[in-house]
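Numbering (the numbering used here), first residue to last: 17 to 403. Beta carbons: idealized from backbone N, C-alpha and C, even for Gly.
Given below as structure tokens:
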């Protein structure tokens, strides 16, 4: 089937569906607001929009093959318990008809860092409990688990807590191409963050800079491998991206290259600068290393802000200054910047969808006018420094 990326209109939040050419579906984050469930409210009904894009299994369950929670802020997991089945697979209810999650992708280090300075919301706590249940199931059965019990651990936990989970552990910098326990030739994913636990100062920095799972997904389209790279990094802020560039610019800058970037933290200035946009405006100084990490755009790239409409009003996120910085990156590669909250209009936003064929990503038919900016990805260019 045709590979697709769908960005749902969830305001300042993330909710992205990746459909692989194999037909498998990976959902990254969820932000289903209460107003979205109210048919008398004009907030986009993203739950129905998601359900319309899923299939049912032989047991009649709508399902995703994998669900990744990039980090546990409420705008990345809101609505999880209302709309998704958590708990034993046998307890799935036909009458409730919640979406079945075959495999969870979870990072214990991201949760530890988030909970250090924040009280986790109920949906985040529920996700964490479900992840623990699945890990216990894996240990208790010696790894013999089925749909609804599987988990993939993204990044090592502290104090050797994941040492006995080698079969389901992905270490930072490693690639993987399995989903729900099966090899999938249409996806190669590289884990770029979170970094393992380090000294106290680094841990404090990562906690304050919204440590998130950062993945670069290389997708097959039209039978051609690596025609679309999708870089997604939750709410990771400036220090995270600065350190990624310092770690990789010399030998592995290509690991950060992308055809589609989901602008981190809903197009926040804080992913590009240590200074406040609200206090400094245009005089706020960009961290050039962070911008370089986010600036490895391939020819015809797309940068997507999963946010409310972007205004020149001093609000952050989304930030007009961040939008301008991303546009400056795209100028070098004939790329396009899109805000989900403005597509196709601010008053009636709809899912922003891209199909991936042998030439790379292109907008779905209703916005084909923009397709001319997309071409085949170019690999092997010199890293793009921004300074």
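For residue j and residue i, the rounded distance between their alpha carbons
i           : j           : result
residue 158 : residue 124 : 20 Å
residue 397 : residue 67  : At residue 397 the pLDDT is 45, less than 50, meaning the model places this residue with poor confidence; the figure from the coordinates comes in the next sentence. Going by the C-alpha atoms only, they are around 39 Å apart.
residue 387 : residue 34  : Any reading at residue 387 must be qualified, since the residue scores a pLDDT of 41, below 50, and its modelled position is unreliable; the value itself is stated next. Their Cα atoms are separated by approximately 19 Å.
residue 286 : residue 279 : 11 Å
residue 180 : residue 119 : 19 Å
residue 205 : residue 103 : 27 Å
residue 85  : residue 94  : 11 Å
residue 230 : residue 365 : 27 Å
residue 177 : residue 148 : 12 Å
residue 248 : residue 75  : 32 Å
residue 374 : residue 41  : 19 Å
residue 297 : residue 199 : 48 Å
residue 252 : residue 226 : 5 Å
residue 182 : residue 166 : 14 Å
residue 392 : residue 378 : Unreliable positioning characterises residue 392 in this predicted model, as indicated by a pLDDT of 40, which lies under 50. The coordinate reading is nonetheless provided below. Distance between the alpha carbons of residue 392 and residue 378 is about 10 Å.
residue 80  : residue 196 : 10 Å
residue 335 : residue 130 : 23 Å
residue 264 : residue 308 : 11 Å
residue 236 : residue 203 : 6 Å
residue 394 : residue 318 : With a pLDDT of only 37 at residue 394, under 50, the local geometry of the prediction cannot be trusted, and the value read off the model is given with reservation. Straight-line Cα distance between these residues: approximately 14 Å.
residue 126 : residue 250 : 11 Å
residue 26  : residue 160 : 37 Å
residue 51  : residue 60  : 8 Å
residue 5   : residue 321 : The chain is shown only over 17 to 403; residue 5 falls outside these bounds and no answer can be derived.
residue 136 : residue 92  : 12 Å
residue 90  : residue 98  : 14 Å
residue 141 : residue 114 : 18 Å
residue 357 : residue 284 : 14 Å
residue 262 : residue 271 : 13 Å
residue 275 : residue 256 : 21 Å
residue 331 : residue 260 : 27 Å
Where residue i falls, given that 16 or more other Cβ within 10 Å makes a residue buried
i           : result
residue 211 : buried
residue 152 : exposed
residue 344 : exposed
residue 390 : The predicted position of residue 390 is uncertain, since its pLDDT is 41 and thus under 50; a value taken from the coordinates is nonetheless stated next. Result: buried.
residue 312 : buried
residue 47  : buried
residue 412 : For residue 412 there is no data in the structure shown, the boundaries of the chain being 17 and 403.
residue 411 : No information on residue 411 is available, as it lies outside the stretch 17 to 403 that the chain covers here.
residue 19  : buried
residue 232 : buried
residue 87  : buried
residue 32  : buried
residue 171 : buried
residue 17  : exposed
residue 55  : exposed
residue 138 : exposed
residue 49  : buried
residue 301 : exposed
residue 267 : exposed
residue 329 : exposed
residue 155 : exposed
residue 145 : exposed
residue 385 : In this prediction, residue 385 has a pLDDT of 41, which is less than 50 and means its spatial position is unreliable; nothing more can be read from the coordinates.
residue 106 : exposed
residue 175 : exposed
residue 371 : buried
Contact under 8 Å by Cβ, residue i with residue j
i           : j           : result
residue 36  : residue 246 : no
residue 355 : residue 326 : yes
residue 333 : residue 28  : yes
residue 323 : residue 282 : yes
residue 209 : residue 228 : yes
residue 277 : residue 310 : yes
residue 376 : residue 349 : no
residue 169 : residue 111 : no
residue 116 : residue 39  : no
residue 44  : residue 57  : no
residue 77  : residue 108 : yes
residue 305 : residue 258 : yes
residue 62  : residue 100 : no
residue 289 : residue 254 : yes
residue 362 : residue 380 : no
residue 143 : residue 70  : no
residue 207 : residue 186 : yes
Residue i: CB within 7 Å of a non-hydrogen atom of the ligand MG
i           : result
residue 112 : Because no ligand of any kind appears in the structure shown, any question about the ligand MG cannot be addressed here.
Taking the runs of the alpha helix (DSSP H) that are 4 residues or longer, which of them lie wholly in the region 88-122?
90-93 and 96-99
Within the chosen definition, does the region 238-245 reach the region 183-193 through at least 3 CB pairs nearer than 8 Å?
no
Within the region 219-298, ranges of the beta strand (DSSP E) (whole runs, at least 3 residues)
230-237, 240-248 and 274-278
Which ranges would you report for the alpha helix (DSSP H) in the region 29-93 if only whole runs of at least 4 residues count?
62-67 and 90-93
Return the chain-ordered ranges of every beta strand (DSSP E) run that is complete within the region 319-347 and spans a minimum of 3 residues.
none
What runs of the beta strand (DSSP E), each 3 residues or longer, lie entirely inside the region 116-182?
119-122 and 166-170
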